[in-house]
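This report concerns only the one structure given below.
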Amino acid sequence: MAKVETAVGGASFVKPSYGKWIAVAIAAAVAGAIALDTKVVRVGSESDIRQQAFSPDVYGVDTFPRIRDFVAQKAVEASEIGALALSDKTKLAETYGTASSTGSIIPVKFEGVVGEGKSGLYNVTIDGVPSEIRVRVQTGPAINGTDLRDVPGDIAFGDFKNQIEYQNAASAINRAMKQVVLEGLDTSALTGKTIQVTGAFRLINPKNWLVTPTEVTVR
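Take the sequence shown: its position 12, counted from the start at 1, is 12 in UniProt numbering, and no numbers get skipped.
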């Protein structure tokens, strides 16, 4: 301990210098607080991966299987909802759909005969679906829309840094679906064939269903 010699009335005594020790104590406390607030992240660990830049393609590959399983579980036969779509769009959305700000997403499944196609969009005729309803299936090369991202109802804008990431996530899910479901599908030879489809469509116009597939089987 540092000492200070002080004279009082001709006598002298030594008193401790507390200021120095107070400064040392404060510095130690600050260092301890910094240490407690510091997290050591191993390179390659889960925490490290989460801090890396968002990778849409990795996200799409990881997320599509869950979406495919969700749609398979929730899909309703097109023949069961065709009449309801025309008579009560709201009831159809409430009963079978996933709510969305731009129209509910309906998981659906059907078997039908493929008609003429244009730009990868094929008309499909389905027994039991009113003729007023036009059903089309996306087969690529471009897969548009955010139906697959939105159908489970738990992928929210707040999960992403910004609108660009949110949109990129939807596009990446579509690409992952294309690789898994449509890769090897000869879209030039579908007309006249019978296909089985599971997928989802956004209920905007009840007479026009544009289905993004999650499963396709050509018979």
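Just so it is clear, CB atoms sit at the ideal spot from N, CA and C, and this is done for glycine as well.
Leaving aside the five residues before and after VAL8 along the sequence, list all residues of the same chain whose C-beta is less than 8 Å from its C-beta, in chain order.
Position 8 of the sequence shown, counted from the first residue, corresponds to residue 8. In this prediction, VAL8 scores a pLDDT of 49, lower than 50, which makes its location untrustworthy; no coordinate-derived value is stated.
My assumption, with CB atoms under 8 Å, is that ASP147 sits in contact with ARG202. Please give the rounded CB distance.
For this step, residue 147 is matched to residue 147 along the sequence shown. For this step, residue 202 is matched to residue 202 along the sequence shown. Right, the Cβ-Cβ distance comes to about 5 Å (below 8 Å), so this counts as a contact.
Run through DSSP, which three-state label would ARG219 get?
Looking up residue 219 in the sequence shown gives position 219. Correct three-state label for ARG219: coil.
From the DSSP secondary-structure annotation, give me the bridge partner or partners of ASN208.
The sequence position of residue 208 within the sequence shown is 208, counting from 1. For ASN208, which the question treats as bridged, DSSP gives the partners ARG134.
Evaluate the contact criterion for the region 56-75 versus the region 140-156: three or more CB pairs, one atom per stretch, below 8 Å.
yes
Going by alpha carbons, who is nearest to VAL197 out of LEU84, LYS109, ILE133 and SER131?
Translated into positions along the sequence shown, residue 197 becomes position 197. Taking only the C-alpha atoms, the option nearest VAL197 is LYS109.
Classify VAL129 as buried or exposed, calling it buried when 16 or more other Cβ atoms lie within 10 Å of its own Cβ.
On the sequence shown, residue 129 is found 129 positions in, with the first residue counted as 1. Its Cβ being crowded by 16 or more others within 10 Å, VAL129 is buried.
So what's VAL14 in DSSP terms, helix, strand or just coil?
The count along the sequence shown starts at 1 and reaches residue 14 at position 14. With a pLDDT of 48 at VAL14, under the threshold of 50, the modelled position of that residue is not reliable, and no figure is offered here.
In three-state terms, what does DSSP make of LYS74?
Here the question's residue 74 lines up with position 74 in the sequence shown. Three-state result, LYS74: helix.
Among ILE204, GLY97 and PHE160, whose alpha-carbon lies nearest the alpha-carbon of VAL71?
Stepping through the sequence shown from its first residue, residue 71 is reached at position 71. Of ILE204, GLY97 and PHE160, the residue nearest in Cα terms is GLY97.
Chain-order list of residues whose beta-carbon lies under 8 Å from that of LYS193 (same chain, five-residue window excluded):
Here residue 193 corresponds to residue number 193 of the sequence shown, with the count starting at 1. These residues qualify, in order along the chain: VAL113, VAL114, VAL218 and ARG219.
DSSP bridge partner residues for GLY199 (one or two, in chain order)
Along the sequence shown, one-based indexing puts residue 199 at 199. VAL108 and PRO213.
Through-space distance from GLN73 to ARG175, alpha-carbon basis:
Along the sequence shown, one-based indexing puts residue 175 at 175. Along the sequence shown, one-based indexing puts residue 73 at 73. So the two alpha carbons sit approximately 22 Å from each other.
Whose C-beta lies closer than 6 Å to the C-beta of GLY140 among residues of the same chain, with five residues either side of it excluded?
The residue given as residue 140 occupies position 140 in the sequence shown. Cβ neighbours of GLY140 beyond the five flanking positions: GLY120, LYS178 and LEU182.
If you draw a straight line from the C-alpha of GLY103 to the C-alpha of GLU94, how long is it?
By 1-based counting over the sequence shown, the position of residue 103 is 103. By 1-based counting over the sequence shown, the position of residue 94 is 94. Cα to Cα, the separation comes out at about 11 Å.
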